[in-house]
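Residue numbers (the numbering used here): 441 to 669. Here's the structure we're looking at; comments come further down.
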């Protein structure tokens, strides 16, 4: 990663620029650009807006979780705008049926009772067991969630639950594609990723130890090292 190549970072569900607060100081050679998730009705519209914000020419794109799916879809639709793709804590394929049903139930509950903020159980689920006692990381997750609020949660859940399998399109990319996953992340389909990476022209998969879903917060040094190569 060099200073001459712009690097754009797309966050995940209910995450803002604070997601990168431990990572960016470890990347002094680049000027990172945070791309908030656009307020749009579906993934196609979201990716169209993200592409509009990217300048012409080669750009490095890094996406986390839901933002990783968006980054992958962006690279597939606009390969002329992406020179390298890093997908963190995401497998760009349809969500498991259980998660789809969970999201639908949550949307119904939000419509009836409103949103009281992310639960402690959910916070712990996103962190590796060794970080369950890390109050600083947990507070960052709660603060991002509280700042974005109910309306953003409803928009993001409604717009991003219906996901396609991007494997056929990703196999056609002739650019470096790097997947970074925590070894304790329950939300990533690791067998799917392993099969995909074996078929990519320039694919790579890195599994980070003692790391859950929140890779940029839990393992910023390891992630910075990967992004600096």
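Yeah, the Cβ is synthetic: ideal placement off N, Cα and C, and Gly gets one too.
Check                                                                                                                                                                                               : Outcome
On the three-state DSSP scale, how would you describe residue 540?                                                                                                                                  : helix
Could you tell me which uninterrupted alpha helix (DSSP H) segments, each at least 4 residues in length, are contained entirely in the region 568-656, listed from first to last along the chain?   : 575-600, 607-610, 630-637
Below 8 Å on the Cβ atoms is my contact criterion, and I expect residue 594 with residue 654 to pass it. Report the Cβ-Cβ distance as a whole number of Å.                                          : The Cβ separation is near 22 Å, so there is no contact.
By how many angstroms is the C-alpha of residue 447 removed from the C-alpha of residue 470?                                                                                                        : 7 Å
Among the residues of its own chain, which have a CB less than 8 Å from the CB of residue 458, if the five just before and after it don't count?                                                    : 580, 583, 584
Among the residues of its own chain, which have a CB less than 6 Å from the CB of residue 450, if the five just before and after it don't count?                                                    : 475, 503, 507, 510, 511
With a threshold of 6 Å (Cβ to nearest heavy atom), would residue 618 be considered close to the ligand GDP?                                                                                        : As far as ligands go, the structure on display features none, and thus does not contain the ligand GDP.
Of all the options 513, 553, 549, which has the alpha carbon lying nearest to the alpha carbon of residue 606?                                                                                      : 513
Starting from the C-beta of residue 660, find all residues in its chain whose C-beta is less than 8 Å away, skip the five residues before and the five after it, and write them out in chain order. : 462, 463, 466
My output table needs one value for residue 529: the three-state DSSP class, helix, strand or coil.                                                                                                 : coil
Considering only DSSP beta bridges, list what residue 503 is partnered with.                                                                                                                        : 450, 527
Residue 490 to residue 542, Cα distance in whole Å?                                                                                                                                                 : 27 Å
Name the DSSP beta bridge partners of residue 472, please?                                                                                                                                          : 447
Can you look up residue 553 in the DSSP assignment and give me helix, strand or coil?                                                                                                               : helix
Evaluate contact between the region 632-641 and the region 607-623, counting only Cβ atoms and requiring at least three cross-stretch pairs below 8 Å.                                              : yes
Should residue 520 go down as buried or exposed, given a rule of 16 or more other Cβ atoms within 10 Å for buried?                                                                                  : exposed
Give every residue of the same chain whose Cβ lies closer than 6 Å to the Cβ of residue 473, excluding the five residues on either side of it in the sequence, and list them in chain order.        : 448
Inspect the CB distances between the region 614-623 and the region 517-532 and report whether three or more fall short of 8 Å.                                                                      : yes
How many angstroms separate the CA atom of residue 666 from the CA atom of residue 569?                                                                                                             : 23 Å
Should residue 599 go down as buried or exposed, given a rule of 16 or more other Cβ atoms within 10 Å for buried?                                                                                  : buried
Suppose you measure from the CA of residue 664 to the CA of residue 552; what does that come to, to the nearest Å?                                                                                  : 42 Å
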